[in-house]
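Scroll down for the structure; my scribbles are underneath it.
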Amino acid sequence: MNVLVINCGSSSLKYQLIDSETETVLAKGLCERIGIDGVLTHQPAGKDKIKMEAAMPTHTEAIGMVLDQLTDKENGVISSLDEISAVGHRMVHGGEKFACSALVTDEMIKTVEECNPFAPLHNPATLIGVNVCRELLPGKPMVGVFDTAFHQTMPEKAYLYGIPYEYYEKYGVRRYGFHGTSHQFVAQRTAEILGKPIEDLKIIVCHLGNGASITAVNGGKSVDTSMGLTPLEGLIMGTRSGDIDPGVLEFIAKTDNVDINEILTILNKKSGVLGLSGVSSDFRDIEAAASEGNERAKTTLETYCYHVVKYIGSYVAAMNGVDAIVFTAGLGENDKNTRATICSYFGYLGLEIDPKANDIRGQEAIISTQDSKVKALCVPTNEELMICRETVALI
Ligand code: AMP
20 MNVLVINCGS
30 SSLKYQLIDS
40 ETETVLAKGL
50 CERIGIDGVL
60 THQPAGKDKI
70 KMEAAMPTHT
80 EAIGMVLDQL
90 TDKENGVISS
100 LDEISAVGHR
110 MVHGGEKFAC
120 SALVTDEMIK
130 TVEECNPFAP
140 LHNPATLIGV
150 NVCRELLPGK
160 PMVGVFDTAF
170 HQTMPEKAYL
180 YGIPYEYYEK
190 YGVRRYGFHG
200 TSHQFVAQRT
210 AEILGKPIED
220 LKIIVCHLGN
230 GASITAVNGG
240 KSVDTSMGLT
250 PLEGLIMGTR
260 SGDIDPGVLE
270 FIAKTDNVDI
280 NEILTILNKK
290 SGVLGLSGVS
300 SDFRDIEAAA
310 SEGNERAKTT
320 LETYCYHVVK
330 YIGSYVAAMN
340 GVDAIVFTAG
350 LGENDKNTRA
360 TICSYFGYLG
370 LEIDPKANDI
380 RGQEAIISTQ
390 DSKVKALCVP
400 TNEELMICRE
410 TVALI
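Numbering follows our numbering, with no gaps: position 98 of the sequence shown is 117.
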């Protein structure tokens, strides 16, 4: 069956139409600048990308255009919308309400709305996408797949913060974690590549993209993860600070005379490797600057890797061992230097990288030597395929 996978943001929307039997992508694309002007990039499999500017005052026009392109005589890949069997939606925050994917119903939407305070920008945007699809594709079964769901197996000791308990009890303030769909997909794939049951494996998945998080997966279950109540906690990211002393907030507020909204903008948009390097949020630019002798860029790369290493080390301790350390997402899949630097810290665990095997980009591979006690892998993530699988399983 064909599953339309939708990943809806406040001003953008990504989509893929996937044939679930063969798990092939029939077409994919992106709507950008929704509510501003509107640009659609549509790519039918095996054909050239088509980019067009078209008014998209709301998500209704954007999704309408996507459906038009999918069924278009020239650029389309299906002859009518009847050939779409179901829609899978990427949802961001399901709080404690969703430990797995869920069929979209009126009640489900209400429950997701209850989680909106935790993701005030992301959740309402995904719900707009859900509502527009229900309007334009009436009667089609739809499924919501949550970024937080995979992490609902974390034990209390991993998800509680050291703040007054009533914040958790009354308001649900705790670690939830994100990128769950990616961590789950990559952990499953790792077990397949290693040819071992996932139940027998301790895996640490490093999702290193513009947003970045690390998850300890023990026996196929998430037991700890670096992002928290929001995706701001944890690693240093492209533009996000990750962990800092909360006292820094007061210091910035007083020094710069700014309110909490401005502080959050600094921590979300102006920090991370962008803020540290002063060069860019993109590692390719920072690496280029470092290789030209920019000392701040060099320090940024070292600091970034050091923080990843500290998280990995803490998860080895949390699981009392590790079988595989796995790299995924933009940086993890593409940057052999970052992978090698991070792995070089784990000689004491018996991890030995194979420089030749590690000399790859965007491919599945075991990048450690055959004798390496702990395996290191590169496994490209595929959140859309995971959403497609979850959708099929639920309907
Ligand atoms: P993602 O959020 O997973 O799409 O990852 C995007 C980030 O991956 C970019 O901002 C870059 O920092 C990083 N990235 C992508 N390709 C490369 C590459 N070839 N070398 C280094 N970093 C890369």
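Yeah, the Cβ is synthetic: ideal placement off N, Cα and C, and Gly gets one too.
How would you call Gln-203, buried or exposed, if buried means at least 16 neighbouring beta carbons within 10 angstroms? buried
Taking Cβ positions, are Arg-433 and Asn-26 nearer each other than 8 Å? With the chain covering 20 to 414 only, the question about residue 433 has no answer from this structure.
Are Asp-378 and Lys-355 closer than 8 Å when you measure CB to CB? yes
Just the residues with CB closer than 5 Å to a heavy atom of the ligand ATP, in chain order, which are they? Among the ligands modelled here, namely the ligand AMP, the ligand ATP does not occur.
8 Å Cβ cutoff met for Ile-344 and Thr-200: no
Checking 8 Å against the spacing of the C-beta atoms, do Cys-324 and Thr-347 come in under that value? no
Boundaries (first-last residue) of the alpha helix (DSSP H) holding Leu-59: From DSSP, Leu-59 is part of no alpha helix (DSSP H) but of the beta strand (DSSP E) over 58-63.
Rounded to the nearest angstrom, what separates Glu-2 and Asp-125 at their Cα positions? Outside the shown range of the chain, which is 20 to 414, sits residue 2, and nothing can be said about it.
Please confirm if the stretch 385-394 is in contact with the stretch 244-264, defined as three or more CB-CB distances below 8 Å between the two stretches. no
Selected residue, minimal CA-CA separation from Leu-322, among Lys-116, Lys-288 and Ile-361: The sequence given here has Thr at residue 322, not Leu. Taking only the C-alpha atoms, the option nearest Thr-322 is Ile-361.
Is Phe-450 helix, strand or coil by DSSP? Here the chain covers residues 20 to 414 and nothing more, so residue 450 does not appear.
Between which residues of its own chain and Ala-308 is the CB-CB distance below 6 Å, once the five residues before and five after are set aside? Val-298 and Ala-316
Where the alpha helix (DSSP H) containing Ser-296 begins and where it ends: 291-296
Is the distance from the Cβ of Lys-331 to the Cβ of Ile-212 below 8 Å? Residue identity check: residue 331 is Ile in the sequence provided, not Lys. Against a cut-off of 8 Å, the Cβ pair of Ile-212 and Ile-331 comes out as no contact.
Going by the CB atoms, is the gap between Val-131 and Leu-155 shorter than 8 Å? no
Less than 6 Å between C-beta atoms, sequence neighbours within five positions excluded: which residues of the same chain meet that for Phe-117? Phe-165 and Ala-168
Hey, which unbroken runs of the beta strand (DSSP E) at 3 residues or more fall wholly within the stretch 231-259? 231-237 and 240-244
Between which two residues does the beta strand (DSSP E) containing Asp-38 stretch? 32-38
Tell me the rounded alpha-carbon separation between Lys-92 and Ser-99. 10 Å
Out of Val-162, Gly-266 and Gln-88, point me to the one whose CA is closest to His-422's CA. This structure gives no information on residue 422, because the portion of the chain shown stretches from 20 to 414.
How is Glu-311 classed by DSSP in three states: helix, strand or coil? coil
Quick one: give me the first and last residue of the beta strand (DSSP E) that Val-192 is part of. Per DSSP, Val-192 belongs to no beta strand (DSSP E) and is neither H nor E.
Looking only at C-alpha atoms, which of Ile-279, Leu-404, Met-256 and Val-335 sits nearest to Val-267? Ile-279
Select from Arg-408, Ser-120 and Gly-381 the residue whose C-alpha is nearest the C-alpha of Cys-397. Gly-381
Is the number of C-beta pairs between the stretch 178-190 and the stretch 211-225 that are closer than 8 Å three or more? no
Can you give me the C-alpha to C-alpha distance between Pro-160 and Glu-314, rounded to a whole angstrom? 54 Å
So what does Thr-43 bridge to, in DSSP terms? Asp-38
Straight-line Cα distance separating Val-341 from His-112: 29 Å
Would you decide whether Glu-352 is buried or exposed? Buried here means 16 or more other CB atoms lie within 10 Å of its CB. buried
What number of angstroms, rounded off, separates the C-alpha of Ser-120 from the C-alpha of Gly-65? 31 Å
Are there three or more Cβ pairs, one per stretch, closer than 8 Å when the stretch 48-56 is compared with the stretch 170-179? no
Alpha-carbon spacing of Lys-240 relative to His-170, whole angstroms: 8 Å
State the DSSP-derived secondary structure class of His-198, mapped to helix, strand or coil. coil
Can the beta-carbon of Val-85 be found less than 8 Å from the beta-carbon of Gly-28? no
Helix or strand or just coil, what does DSSP make of Thr-209? helix
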